[in-house]
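Counting from 115, one number per residue, gives the positions in the sequence shown under my numbering. Beneath this line is the structure, given in structure tokens, with notes to follow.
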Amino acid sequence: MIRWPLVPHPATPCASVQRLDAALAHGPDGWRLRYTLVGALSTLRLPPPADRPRPTDGLWRHTCFEAFVGTADSPRYAEFNFSPSGDWAVYSFAAERQRDDATPTGPAPRIARTHDAHALQLDAWLPTGALPAAGSVLGLSAVIETADGTLSYWALAHPRAQPDFHDRAGWTARVPDNRRP
């Protein structure tokens, strides 16, 4: 697995989080993303597991983990949101913040969550059909909500004065070929 640390936006620190990172393993059937959050989980607002996980809009308003996937030669990209509840969202964009009617097709992401008092691990599998063929640029991020409702924004990099996960300057991870391990 390739692993990257996520850092809080300077305007939204969160003392409850000691460490947050994302990792990627890719193979011919898709990607497995793993987000690991270490800290005082009892001070965070984490949604309980859903009985029947489903596509849900607005997950970024609470604790959720995200992946933005595009290629260097096109303004098009996809956004994937994964809630610790197991709910997910997938969006397609023609350019920065310009939603496209075409939603990536294929099987739904599979999400698994494990946790104890000090660590939460969320694994999300993305099928190959939802990913670009090769040369992906990747923005990995998370929104962390504390028990009092305060939001903290984490990403590979924060190029703007305000948190903005859609800004490609923050998509610093590269995946050379998505179709081969």
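Here a beta-carbon is modelled for each residue, glycine too, at the ideal position from N, C-alpha and C.
Do you know whose CA, among P221, P246 and S199, lies nearest L236's CA?
Here the closest residue by C-alpha is S199.
Give the secondary structure of S130 by DSSP, where H, G and I count as helix, E and B as strand, and everything else as coil.
Here S130 sits in coil by DSSP.
Using the three-state DSSP reduction, which class does S199 fall into: helix, strand or coil?
Three-state DSSP puts S199 in coil, outside helix and strand.
DSSP has R148 in a bridge; who is on the other side?
Answer is A137 and D237.
I'd like to check one pair, A271 with T286: are the Cβ atoms closer than 8 Å?
Cβ distance < 8 Å, so T286 and A271 count as in contact.
Give me the Cβ distance between Y267 and V257, rounded to the nearest whole Å; I'm assuming they're in contact under 8 Å.
Contact holds; Cβ gap of about 6 Å.
What do you reckon, are the CB atoms on A164 and L147 nearer than 8 Å?
For A164 and L147, no; Cβs fall outside 8 Å.
Would you mind sorting L227 into buried or exposed? The rule is 16 or more other CB atoms within 10 Å of its CB.
The question names Leu, yet the displayed sequence has Arg at residue 227. So R227 ends up on the buried side.
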